[in-house]
Amino acid sequence: MAVDMIRTVLVGIDPVYIDKEDLEILAAAQNISEEMRYFANKNDELQKEIDILIENLNDGWVIYERTLYWFSSEVASWMDAQKNCELEGANLLSAESVEEQLFVSTEVQNLKKVYWIGVFKDKGGTWKWLSGKIASETYWNYYEPNREPNHDCIAMSFDCYYNKCWMAVKCDLPINYVCKKVPKDTWL
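Numbering of the sequence shown is given in the UniProt record's numbering, commencing with residue 1 and proceeding in unit increments.
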């Protein structure tokens with residue numbers, strides 16, 4: 001009797017099950033049940049991610065091109081700024097395109113503050129992103145990078161022209177910072 005009820009449900013889903021043996025019907029029902037559990041769990045995971053995104057947006061995060069940015073109102077050294085970003089599941093900004101650099105520099109100019117970004121000078125004197133990638137596309141402000149000793153981190157100034165906002169400063173200065181949170185696969 002129970003198998004007949006299951007068969008009726010399965011045939012409603014796909015008529016191919018009408019002539020199947022009882023064991024095949026039960027196996028198909030088991031598979032569908034497992035798929036439903038999987039999708040229910042996936043739905044729960046996505047709902048948690050949605051809740052986190054909503055909370056982030058309510059906390060002042062800004063969306064640009066499917067990525068979240070947070071322009072801090074607090075100040076910190078470059079290293080502490082990176083740690084603070086990590087606590088938010090993010091990193092100091094790494095601008096991956098001219099358009100992204102323009103978006104961030106426009107926000108910085110509107111906020112009229114100086115912000116740390118995720119570029120530093122390594123021991124060999126090469127400017128790199130936190131990822132280790134060389135900062136080949138640069139946006140140096142006039143007279144930058146300067147030659148001052150220990151000016152090994154980059155901040156973005158609000159006083160700049162033509163998207164050229166980077167300045168080399170001492171890493172221990174207390175400055176605002178920009179965190180960038182890239183989408184998780186579950187967001188897409």
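Beta carbons are placed, not taken as given, at the ideal position from N, Cα and C, and that holds for glycine. Predicted model only: the values in this text are computed from it and were never measured.
Please determine, among the options, the residue with the shortest C-alpha to C-alpha distance to residue i.
i      : options                         : result
Lys112 : Cys171, Asp19 and Val104        : Val104
Val114 : Val62, Tyr177, Lys42 and Asn84  : Tyr177
Lys83  : Glu49, Gly118, Asp51 and Met1   : Gly118
Asn31  : Ile18, Leu10, Asp19 and Pro15   : Leu10
Phe120 : Ala40, Glu107, Leu92 and Lys180 : Leu92
Ala2   : Cys85, Ala29, Ile52 and Asn141  : Ala29
Ala81  : Asp159, Ile134 and Cys179       : Cys179
Trp140 : Pro149, Phe158 and Asp51        : Phe158
Pro183 : Val75, Tyr38, Tyr69 and Asn150  : Tyr69
Thr67  : Glu45, Ala95, Glu74 and Lys48   : Ala95
Asn110 : Trp127, Ser97 and Phe71         : Phe71
Asn146 : Lys133, Gly125 and Asn163       : Gly125
Thr138 : Leu102, Pro149 and Cys171       : Leu102
When burial is assigned at 16 or more other CB atoms within 10 Å of the CB, is residue i buried or exposed?
i      : result
Ser33  : exposed
Ile154 : buried
Gly89  : exposed
Met156 : buried
Ser131 : exposed
Leu23  : exposed
Tyr161 : exposed
Ser136 : exposed
Arg7   : buried
Val16  : exposed
Phe39  : exposed
Glu144 : buried
Asp152 : buried
Ala27  : exposed
Lys133 : exposed
Lys48  : exposed
The alpha helix (DSSP H) spanning residue i covers which residue range?
i      : result
Leu130 : From DSSP, Leu130 is part of no alpha helix (DSSP H); its letter is neither H nor E.
Met79  : Trp78 to Leu87
Leu10  : Ala2 to Ile13
Ser157 : Segment Cys153 to Tyr161 is the beta strand (DSSP E) holding Ser157; no alpha helix (DSSP H) there.
Ser114 : Before going further, note that residue 114 is Val rather than Ser in the sequence given. That residue, Val114, is in no alpha helix (DSSP H); it is neither H nor E in DSSP.
Please report the Cβ distance between residue i and residue j, rounded to the nearest whole angstrom; I am assuming they are in contact, meaning their Cβ atoms lie under 8 Å.
i      : j      : result
Ile175 : Trp129 : In fact, because the Cβ distance is near 18 Å, the residues do not count as touching under 8 Å.
Glu100 : Glu65  : 7 Å
Ser73  : Asp172 : Contact doesn't hold; Cβ gap of about 20 Å is too wide.
Which residues mark the beginning and the end of the beta strand (DSSP E) in which residue i is found?
i      : result
Asn176 : Asn176 to Lys181
Ala95  : Neither: Ala95 is in no beta strand (DSSP E) and is coded neither H nor E.
Lys164 : Lys164 to Val169
Ile63  : Val62 to Tyr64
Next on the checklist: Quick test of the definition: if touching needs 3 or more C-beta pairs under 8 Å, does the stretch 162 to 171 touch the stretch 58 to 69?
Outcome noted: no
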